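Residue numbers (the numbering used here), protein chains in the order written: chain A, 141 to 262; chain B, 141 to 262. Below is one structure; the comments refer to it alone.
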């Protein structure tokens, strides 16, 4: 196994959605809706998805891609302001190896008749 | 109450300790040792300190400064490599208000007869 090492990075993604902040927020807050866009997809086998959407609550995903090794995403909700903001910390792993930890802030800003989503990750 | 807002920032702190990486790591890993430097101090009243030092484990501190409002620090351990690295996500609050969420990476690097500690926070 290679020696563990650390790198740091930050990025921001912005998207505009023709839907209200409440509706875009709900796509993150409602586990049934979030499961559809967050973990499901062609080639992905979902072993489990659980989401306890509250501050301090955890969201765990367990999945494989095309029969590959088991991967996971373990999230803890750090802050929730309804229709406005979600802050999460999450760590991802594959097999026995944790390969990333991130702090992400998702902001839902009213813009015209829709919503600007600003996603910032460190 | 003022409107919630978001700001982002990053910083790195480095310190050299004349002690082995194992000893400096233990000051973070052993709850009895960590409590001494992390939560105790003149003017601070500690209501509780609990630490479950393992990946996915939580560390919670509840304290007041000179009779002020209750404050808290809620940490989740994201990654632990013994004597080498600890990654944490933590949120701080005072009263009803959460005011910061951070991802911190603490690296313990052998240097000469001691340890260089590199603390990076986003």
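C-beta: ideal position from N, C-alpha, C; glycine also. Computed from a predicted structure; not experimentally measured.
Sheet register partners of residue i (DSSP bridge)
i, result
"residue 185 of chain A", "A/204"
"residue 151 of chain A", "A/261"
"residue 237 of chain B", "B/234"
"residue 192 of chain A", "Residue 192 of chain A pairs with nothing; no bridge assigned."
"residue 255 of chain B", "B/157, B/250"
"residue 212 of chain A", "A/202, A/233"
"residue 226 of chain B", "B/220, B/246"
Given residue i as reference, the closest of the options once Cα atoms are compared
i, options, result
"residue 252 of chain A", "A/234, A/168, A/146, A/159", "A/159"
"residue 151 of chain B", "B/231, B/255, B/246", "B/246"
"residue 197 of chain B", "B/216, B/240, B/223", "B/216"
"residue 165 of chain B", "B/222, B/244, B/259, B/236", "B/222"
"residue 177 of chain B", "B/183, B/167, B/185", "B/167"
"residue 261 of chain A", "A/255, A/145, A/231, A/201", "A/231"
"residue 226 of chain A", "A/170, A/146, A/240", "A/170"
"residue 234 of chain A", "A/219, A/244, A/145, A/204", "A/204"
"residue 241 of chain A", "B/153, B/239, B/229", "B/229"
"residue 255 of chain B", "B/189, B/186, B/156", "B/156"
"residue 162 of chain A", "A/188, A/258, A/250", "A/250"
"residue 174 of chain A", "A/190, A/239, A/182", "A/190"
"residue 195 of chain B", "A/199, A/214, A/243, A/201", "A/214"
"residue 181 of chain A", "A/206, A/146, A/224, A/239", "A/206"
"residue 185 of chain A", "A/149, A/209, A/220", "A/209"
"residue 193 of chain B", "B/212, B/218, B/211, B/179", "B/218"
"residue 248 of chain A", "A/220, A/199, A/238", "A/220"
"residue 172 of chain A", "A/237, A/244, A/199", "A/199"
8 Å Cβ cutoff, residue i in contact with chain C
i, result
"residue 262 of chain B", "Protein chains A and B are contained in the structure displayed, whereas chain C is not."
Chain B residues whose Cβ lies nearer than 7 Å to that of residue i
i, result
"residue 168 of chain A", "Chain B residues near residue 168 of chain A: none, gap ~16 Å exceeds 7 Å."
Chain A residues whose Cβ lies nearer than 7 Å to that of residue i
i, result
"residue 197 of chain B", "The premise fails here: residue 197 of chain B is roughly 11 Å from chain A at the closest Cβ pair, so nothing lies under 7 Å."
Per-residue contacts from residue i into chain B (C-beta, under 8 Å)
i, result
"residue 150 of chain A", "148, 150, 262"
Under 8 Å from the C-beta of residue i: neighbouring residues of chain A
i, result
"residue 227 of chain B", "231, 241"
Any non-hydrogen atom of the ligand HEM closer than 7 Å to residue i Cβ
i, result
"residue 166 of chain A", "Because no ligand of any kind appears in the structure shown, any question about the ligand HEM cannot be addressed here."
#### Entry: Cβ-based contacts, 7 Å cut-off: residues of the segment 170-192 of chain B near chain A
none
### Task
Using a Cβ-Cβ cut-off of less than 9 Å, list which residues of the segment 201-218 of chain A approach chain B; keep chain order.
214, 216, 218
### Message
Tell me which residues of the segment 230-259 of chain A have at least one Cβ-Cβ distance to chain B shorter than 7 Å, keeping chain order.
### Response
231, 238, 241, 242, 243, 245, 247
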